[in-house]
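Novice: Numbering (mature numbering (1 follows the signal peptide of the UniProt record, and there is no 0)), first residue to last: -23 to -1, 1 to 403.
The beta-carbon is built from N, C-alpha and C at its ideal position, and this holds for glycine as well.
#1: With DSSP collapsed to three states, give me the class of residue 115.
#2: Closer than 6 Å by C-beta to residue 318: which residues in its own chain qualify, once you throw out the five before and the five after it? Chain order, please.
#3: Among 304, 330, 331 and 66, which residue has its Cα nearest to the Cα of residue 15?
#4: Of the residues 23, 3 and 385, which one's Cα is nearest the Cα of residue 240?
#5: Which of the three DSSP states, helix, strand or coil, is assigned to residue 34?
#6: To which residues of the same chain is residue 281 closer than 6 Å at the C-beta, ignoring the five residues directly before and after it?
#7: Name, in chain order, the residues that DSSP records as bridge partners for residue 97.
#8: Evaluate the contact criterion for the segment 181 to 189 versus the segment 29 to 49: three or more CB pairs, one atom per stretch, below 8 Å.
#9: Taking the alpha carbon of residue 47 as the reference point, which residue from 60, 20, 40 and 10 has its own alpha carbon closest?
#10: Identify whether residue 281 lies in helix, strand or coil by the three-state DSSP scheme.
#11: Is the segment 146 to 159 in contact with the segment 116 to 130, if contact means three or more CB pairs nearer than 8 Å?
#12: When the Cα atoms are used, what is the spatial distance from residue 217 to residue 115?
#13: On the DSSP letters alone, give me the boundaries of the beta strand (DSSP E) that residue 352 sits inside.
#14: With a cut-off of 8 Å, do at least 3 Cβ pairs link the segment 169 to 176 to the segment 190 to 203?
#15: Let's test the definition: count the other Cβ atoms within 10 Å of the Cβ of residue 102 and tell me whether it reaches 16, buried, or not, exposed.
#16: If residue 143 and residue 34 are in contact, beta carbons under 8 Å, what's the gap, nearest whole angstrom?
#17: Counting only the same chain and skipping the five closest in sequence on each side, list residues whose C-beta sits under 8 Å from that of residue 40.
#18: Of the choices 80, 110 and 230, whose alpha-carbon is the least far from that of residue 97?
#19: Since residue 11 is in the beta strand (DSSP E), which residue starts that stretch and which ends it?
#20: Among residues of its own chain, excluding the 5 on either side of residue 219, which ones have a beta-carbon nearer than 8 Å to its beta-carbon?
#21: Measure the alpha-carbon distance for residue 154 versus residue 292 and round it to whole angstroms.
#22: For a minimum of 3 consecutive residues, which ranges assigned as the beta strand (DSSP E) are wholly contained in the segment 131 to 190?
#23: Assign residue 381 to one of two classes, buried (16 or more other C-beta atoms within 10 Å of its C-beta) or exposed (fewer than that).
#24: What is the DSSP secondary structure of residue 52, reduced to helix, strand or coil?
#25: Whose CA, out of 222, 89 and 327, lies closest to the CA of residue 136?
#26: Quick test of your reading: residue 242 and residue 18, contact by CB under 8 Å. State the CB separation rounded to the nearest angstrom.
#27: Decide if residue 411 is buried, meaning its Cβ has at least 16 other Cβ atoms within 10 Å, or exposed.
#28: Say yes only if the C-beta of residue 88 is nearer than 7 Å to one or more non-hydrogen atoms of the ligand NAD, and no if none qualify.
#29: Tell me, please, which residues DSSP counts as bridged to residue 211.
#30: Helix, strand or coil: which one does DSSP assign to residue 27?
#31: Residue 219 by DSSP, collapsed to three states: which one?
#32: Can you give me the C-alpha to C-alpha distance between residue 390 and residue 261, rounded to a whole angstrom?
#33: With C-beta atoms as the reference, is residue 290 less than 8 Å away from residue 269?
#34: With DSSP collapsed to three states, give me the class of residue 39.
#35: Taking the continuous beta strand (DSSP E) assigned at residue 381, which residues delimit it?
#36: Once the 5 residues before and after residue 53 are set aside, which same chain residues still bring their CB inside 6 Å of it?
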């Protein structure tokens, strides 16, 4: 089950949003290190290197030489948690290990009009791993989910002013999600576990337009499509609370859609040294109203809890806005800075320990070093500050099949991001 969050003994995790990532929901922004340095403000209008395959496929028309860009980013999160659960437990915080996000792109101009490119990147991901005695363990204890995308791409320049680009995306999602299971006969004993694993591959697309509005100003628009997954996997139960059924596996299925987004940005070359960027991204997170997982072959005693599980999410659409600047210090060095604000799609009613996120502010710094015309090394650093949020998860004892007590906590989240990439031109 791929994007499954675990409710009572299981649940679902399309709520794969994580507090440590630099985009709303469970989306990742780290597909370009050069863009990271300006807070991704000019993502769809910059076209500085081969990472434009993701940022705006139309931007390949600006790259006059064959080139490859490879790199990665490391995300280092910190969470302070204060709260309690019905059945006791700890709140150690820092449940997110260091996360690595790889990326790689290749672009080859074919003639004055056509260019071909291909990219591999990670658009969505989540890793959260709470301690074994976590107070909110019945609402989710461990999650590992990743989407890896391969995007072959073409672009066409109508003239020196206008170009378009298109690329289908082949998206592979796989993950593992766990939660503790409450022993119905001895409430409070953490003696069971539900583990869901699964994967799927689905097709989407990215399309973009790039316009050289004036000699010094470019405007870009990129659409990243919705991707429709049908996840197939299994649900495994273990622990003495399940009696002789411990160790059983059940076939599981879940339909989920990752949201479409639209990015609009402007790049303005103020003079020979200064370049300014501004951009906004809209993401249709309102697709995520509820998540329902179906398990087949569940024995009658467990059917009420595990047969079908539905969890309301009621996410809302979000906007992210960014501004940035780059200063060409000399022929070899370019310095960058950016600031962005990013809405969280969650709400105070449905927010859970798997997605304890709030609105964010991100400060970014970066630099590009070009020792010669063939090579550029980019580095970037980002610091994310997130508003404090509260998790209020409560279940009713009048519904024994889904009773997990309650978990009420306050989360204070922040994160550091480090990125580096190499662009080589042939």
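Specialist: By the coordinates alone:
#1: helix
#2: 298 and 338
#3: 304
#4: 23
#5: helix
#6: 378
#7: 81 and 127
#8: yes
#9: 10
#10: helix
#11: yes
#12: 16 Å
#13: 352 to 363
#14: no
#15: buried
#16: 6 Å
#17: 24, 26, 27, 29, 84, 86 and 92
#18: 80
#19: Careful: residue 11 lies outside any beta strand (DSSP E), inside the alpha helix (DSSP H) at 10 to 13.
#20: 158, 169, 225 and 279
#21: 20 Å
#22: 139 to 159 and 167 to 189
#23: buried
#24: strand
#25: 89
#26: 6 Å
#27: Since the first residue shown for the chain is -23 and the last is 403, residue 411 is missing from the structure and cannot be characterised.
#28: Absence of the ligand NAD from the depicted structure is noted, as is the absence of any ligand whatsoever, leaving it without description.
#29: 174 and 228
#30: coil
#31: helix
#32: 24 Å
#33: no
#34: helix
#35: Where residue 381 is concerned, there is no enclosing beta strand (DSSP E), given that its DSSP letter is neither H nor E.
#36: 75 and 393
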